[in-house]
Amino acid sequence: MRSVRLPHRARSASVALAVVLSLVSAACSDKSTTATKATATTAAAANPNAELKVGFTEDQYVLNGPEASLAEYPLNANVIETLATMSPDYEVVPALAESWTLVPPNTWRFKLRQGVKFHDGTPLDAAAVKAGLFDRLAKMDGGSSLKAGPASAVVVDPSTIDFTPTVPNLRVPEQMVHPQYGVIAPGSDIGKKPVGTGPFRFVEYVPKERIVVDRNPDYWGPRAKVAKITFRFYPDASTRRLALESGEIDAAYEIPRDDVAGLKSKGFTIKNSSVGAYDALLVNQHGKQGFDILSDASVRQAVALGIDRKKLVTNVLDGLATTDQTIVAPNSLKPYTSTITGFPFDQAKAKSMLDAAGWVPGSDGIRAKGGKKLHLVLVSGFPAAEILRPIPAFVQSQLKEIGIDVAITERPDSDSYGAVMDAGDGDLFLEQGNQNDANPGFLPILLFYTGPGSGDPFSYQKLFGPGGKFDETLAPALTEANADTVRKIVANAMHQFVDVDVAAIPLAGVFRIYGLRKGVEGFVPHPAFLHVRWDTVSVSS
Amino acid sequence: MSAFVLRRLLLVVPTVFMISVLTFVLSNLTPGDPAFAVASRRHGRPASHAEVVAVRHELGLDRAALPRYLHWAGGALRGDLGKSYSTQAPVRQELFRRVPHTLQLALPAMLLAMLLAIPAGVLAAMRRNRPVDQVMRVLSMAGACMPSFWLALLLIILFSVRLHLLPVAGRGGLDHLVLPVVTLAMAPAAILTRFTRSAMLEALGSSYVLTARAKGLNERRVVAKHALRNAVVPVVTSIGVNFGILLAGATVIETIFVWPGVGSLLVGAIQQRDYPTIEAFVLYAGVLFALLNLIVDVSYAFIDPRITAGSSV
């Protein structure tokens, strides 16, 4: 066909190629313009009228019903406060309550702080706490974990309130620190306009986009150092990191491990908390046929001995974790944390244990016994498989060296992971768990305890609950009033769970990682992001 | 024409009904227990058996599948799409709140795609096998194959982080629209370019174009009045399909750019096993595609008088 010359000049292939290449190279070049600008702000004074912009993950506020949680959970916007709070060391610290005592057998008496007002000017007193906390909890599912009933709260006097859970619960102060148990102003609607006593007041909420709070000028404690905070939601971790790099936000929660070195090199500050979460393999020791290899204690021990945790932490987790071998936050068990010893890395011992158990290496290096290969299925997916990568591949390569073949099954989210667990279709279940309150026994009792008072067993208990000595050791924690004694009991129970029964193989204690631009000062990283405080943070312009 | 339109509108009902049944069945077959998901989220840790049972009862998930579907379908016919399992807010309210946000991206993205693609496709056809045609084909292939999330992040790095010209994410002024719209427009622009080129090549090779040239008409008139008019029918079909895809929400783009449209609503609903929201989305998308197809079919009659609406149905 005859070509026709048009009035417009056509672009040449080289121009098009040059455009594409320059786009890619500009994006990939490692300029530090942001760091240069960031560095220039270091010396500037803190600005008390500044606005702080913080990037959070996904907006998961519940807006209706008794479980409404706007500004409270999972993003704690420091609007609503609890009677007690939890320090970064997992200590229970007075907040709206100055003190509390147990009135046996099951009543907790809270003495309230004086001179505190809600953001609408009404005073905080016992009647307000009854209406704005305990009566609200009583309407939740099962009265919430605190087990509040309609008649649980009794006003003793304007500054004293009694709370009697519907079932014996001697851990109320440790649980009370959870932001879900905040005190809201009576009559206020926490799903629309939360009114609390916190250092910040609710200003605006745009679903899935942002929540804005401003400084409470009448706060009972030290005034916040910034005038306003805008919390923006960034479900995608890459976008959140780029927002920090571009200056769109000043601080960010949950910086992925892979991004830490890059941000540091660009002049951003990375703050790690103490260990607040764990990566662990839960061991299916009660498996159905096909998943029953780990019912043999010596195989479980060999698996625990065959994993080099130091290498995992240094090479795989970039040093952003510890080799703690506990699935309860170490600081929450102080001073009894060292009761749990864990397993050293000892391939020779692992191999000899497997030899003694009759698992003989085959020609492919994989052990077999009675014609059956030593093959384990590792299921990864809590809270999501992508967060846990590449730990499964690391475990797989480590166990191969001692003659264990591991097949990896990944699940994209906790629900599909839970479905595999319900079906019992795995030998090892890789999870990242965390602790959001100060009760060290809460998760072990909830997930693994099968003794008296445990209720109907569900999948965690069925697959991983060792029973026997573990239950016997842990049971007193259910009725022990003294918090220090509970820590000791739980530490002993976890020693049984991890060191003796090998019901779990902890791999690493994980930090919470926060990113800040230069000029953001006073931030205290908390191992549980629910408890992060922003009133101590200052910003220079 | 009216009978054809009415017939097609009536067909929407059984079509959407079948889609909703299929979605309901598939959702319920998906691994994972929404009651466990909801209970665990409420408590911030794996829920106990008792807590899951309580939530299952609260959400009505302890009923059999058929009564649950009929309950939902009955409500949908009255305009009640149920409550979200995760936020407890009415699904209809959330869905309708987000549709305009998706439109804010979809409309300019489609217009941009058409503005880029149609001239590019015509030019490529006019300069068949010449350098400009080869460049257009490479670019359109790249645009069609390029993962949108990768392009999105690349544009953010260049224009937001390096050059500080545009915001990273979120809604706001016109500058907030640029990156998501450009990213969204790339794939449909690439596809439309190829469609337009193919259709134009066919039209330019036809006998009536040869006749028009033989009669001495200038080339611009030959292309615009004769060839393009005949080439546009398949292009309109492609525009309809792509626009429907954009209106159904670009899940990845909306997540990356924190754009609260229907796409990000669907992503969240799937992750949280929020069946009422998933069903509502499917209903919305089903009706949308059905109506768009109808509009495209009716438009044929206006574009090409040889086509009678309904004659090819």
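Line by line, the protein sequences are chains A and B. For the first sequence, our numbering begins at 4 and goes up steadily by one. For the second sequence, our numbering begins at 1281 and goes up steadily by one. Ideal Cβ placement from N, Cα and C applies to all residues, glycine included.
Alpha-carbon spacing of residue i relative to residue j, whole angstroms
{"i": "Val398/A", "j": "Ala507/A", "result": "14 Å"}
{"i": "Ile252/A", "j": "Gly58/A", "result": "6 Å"}
{"i": "Val1333/B", "j": "Met143/A", "result": "14 Å"}
{"i": "Ala30/A", "j": "Glu212/A", "result": "In this prediction, Ala30/A has a pLDDT of 48, which is less than 50 and means its spatial position is unreliable; nothing more can be read from the coordinates."}
{"i": "Gly470/A", "j": "Arg1322/B", "result": "28 Å"}
{"i": "Pro153/A", "j": "Ala141/A", "result": "6 Å"}
{"i": "Leu297/A", "j": "Thr344/A", "result": "21 Å"}
{"i": "Val1567/B", "j": "Leu1403/B", "result": "36 Å"}
{"i": "Ser355/A", "j": "Gly361/A", "result": "10 Å"}
{"i": "Phe526/A", "j": "Lys372/A", "result": "56 Å"}
{"i": "Phe203/A", "j": "Asn81/A", "result": "6 Å"}
{"i": "Thr45/A", "j": "Gly522/A", "result": "Model confidence at Thr45/A stands at a pLDDT of 47, short of 50, so the residue's coordinates are unreliable and nothing is read from them."}
{"i": "Val363/A", "j": "Leu431/A", "result": "21 Å"}
{"i": "Leu115/A", "j": "Asp416/A", "result": "42 Å"}
{"i": "Pro338/A", "j": "Ala1345/B", "result": "52 Å"}
{"i": "Ala130/A", "j": "Val198/A", "result": "16 Å"}
{"i": "Ser147/A", "j": "Val1335/B", "result": "12 Å"}
{"i": "Tyr1555/B", "j": "Ser1307/B", "result": "7 Å"}
{"i": "Ser1487/B", "j": "Ile1575/B", "result": "30 Å"}
{"i": "Gly135/A", "j": "Lys196/A", "result": "14 Å"}
{"i": "Ala41/A", "j": "Gly250/A", "result": "Its pLDDT being 43, under 50, Ala41/A is placed unreliably by the model, and nothing is read from it."}
{"i": "Leu1664/B", "j": "Gly1401/B", "result": "Residue coverage of chain B in this structure runs from 1281 to 1593, which leaves residue 1664/B outside it and unanswerable."}
{"i": "Ile492/A", "j": "Ala480/A", "result": "6 Å"}
Where residue i falls, given that 16 or more other Cβ within 10 Å makes a residue buried
{"i": "Gln292/A", "result": "exposed"}
{"i": "Ala1283/B", "result": "exposed"}
{"i": "Ala1465/B", "result": "buried"}
{"i": "Ala1315/B", "result": "buried"}
{"i": "Ser1364/B", "result": "buried"}
{"i": "Asn219/A", "result": "buried"}
{"i": "Lys313/A", "result": "exposed"}
{"i": "Val106/A", "result": "exposed"}
{"i": "Gly365/A", "result": "exposed"}
{"i": "Gln328/A", "result": "buried"}
{"i": "Thr88/A", "result": "buried"}
{"i": "Asn485/A", "result": "exposed"}
{"i": "Lys1495/B", "result": "exposed"}
{"i": "Thr1367/B", "result": "buried"}
{"i": "Gln1552/B", "result": "buried"}
{"i": "Lys1505/B", "result": "exposed"}
{"i": "Lys267/A", "result": "exposed"}
{"i": "Thr342/A", "result": "buried"}
{"i": "Phe1582/B", "result": "exposed"}
Integer Cβ distance of residue i from residue j, believed to fall under 8 Å
{"i": "Val229/A", "j": "Ser541/A", "result": "7 Å"}
{"i": "Ile83/A", "j": "Glu75/A", "result": "5 Å"}
{"i": "Phe346/A", "j": "Ala307/A", "result": "4 Å"}
{"i": "Gly1524/B", "j": "Glu1534/B", "result": "With a Cβ gap of about 16 Å, Gly1524/B and Glu1534/B do not count as contacting."}
{"i": "Phe1475/B", "j": "Val1515/B", "result": "5 Å"}
{"i": "Ala1424/B", "j": "Ala1467/B", "result": "6 Å"}
{"i": "Ala1470/B", "j": "Ser1420/B", "result": "4 Å"}
{"i": "Pro168/A", "j": "Ala188/A", "result": "Actually they do not touch by this definition, with Cβ atoms about 24 Å apart."}
{"i": "Asn67/A", "j": "Gly194/A", "result": "5 Å"}
{"i": "Phe121/A", "j": "Phe166/A", "result": "At roughly 20 Å, the Cβ-Cβ gap does not stay under 8 Å, so Phe121/A and Phe166/A are not in contact."}
{"i": "Gly436/A", "j": "Ala280/A", "result": "6 Å"}
{"i": "Ala1560/B", "j": "Leu1361/B", "result": "4 Å"}
Chain D residues whose Cβ lies nearer than 8 Å to that of residue i
{"i": "Leu1568/B", "result": "Although the question refers to chain D, the structure presented lacks it and instead comprises the protein chains A and B."}
Check whether the stretch 85-105 of chain A and the stretch 437-456 of chain A touch, using three or more Cβ-Cβ pairs below 8 Å as the test. yes
By the 8 Å beta-carbon criterion, what residues does the stretch 1301-1325 of chain B contribute toward chain A? Thr1310, Pro1311, Gly1312, Asp1313, Pro1314, Phe1316, Ala1317, Ala1319, Ser1320, Arg1321, Arg1322, His1323, Gly1324, Arg1325
In the stretch 1436-1462 of chain B, which residues sit with their C-beta less than 7 Å from some C-beta in chain A, listed in chain order? Ile1436, Ile1437, Leu1438, Ser1440, Val1441, Arg1442, His1444, Pro1447, Val1448, Ala1449, Gly1450, Arg1451
Return the residues of the stretch 1527-1540 of chain B that lie within a Cβ-Cβ distance of less than 7 Å from chain A, sorted by chain order. Thr1535, Ile1536, Val1538, Pro1540
Report yes or no: do the stretch 153-168 of chain A and the stretch 508-523 of chain A share at least 3 C-beta pairs separated by less than 8 Å? no
Could you name the residues of the stretch 87-107 of chain A whose beta carbon sits closer than 7 Å to any beta carbon of chain B, in the order they occur along the chain? none
Listed in chain order, which residues of the stretch 503-537 of chain A have Cβ atoms closer than 7 Å to some Cβ of chain B? none
Using Cβ-Cβ distances below 8 Å, what residues of the stretch 62-76 of chain A are close to chain B? Gln63, Tyr64, Val65, Leu66, Asn67, Gly68, Glu70, Ala71, Tyr76
Taking contact to mean at least 3 C-beta pairs separated by less than 8 Å, is the stretch 1430-1444 of chain B in contact with the stretch 1387-1399 of chain B? no
For the pair the stretch 1368-1375 of chain B and the stretch 1449-1457 of chain B, tell me if three or more CB-CB distances fall below 8 Å. no
Pull out every residue of the stretch 113-146 of chain A whose Cβ sits closer than 9 Å to any Cβ of chain B, in chain order. Met143, Asp144, Gly145
Interface residues of the stretch 473-484 of chain A facing chain B [CB-CB below 8 Å]: none
The stretch 208-241 of chain A: positions lying closer than 9 Å to chain B by Cβ: Val209, Pro210, Lys211, Glu212, Arg213, Arg235, Phe236, Tyr237, Pro238, Asp239, Ser241
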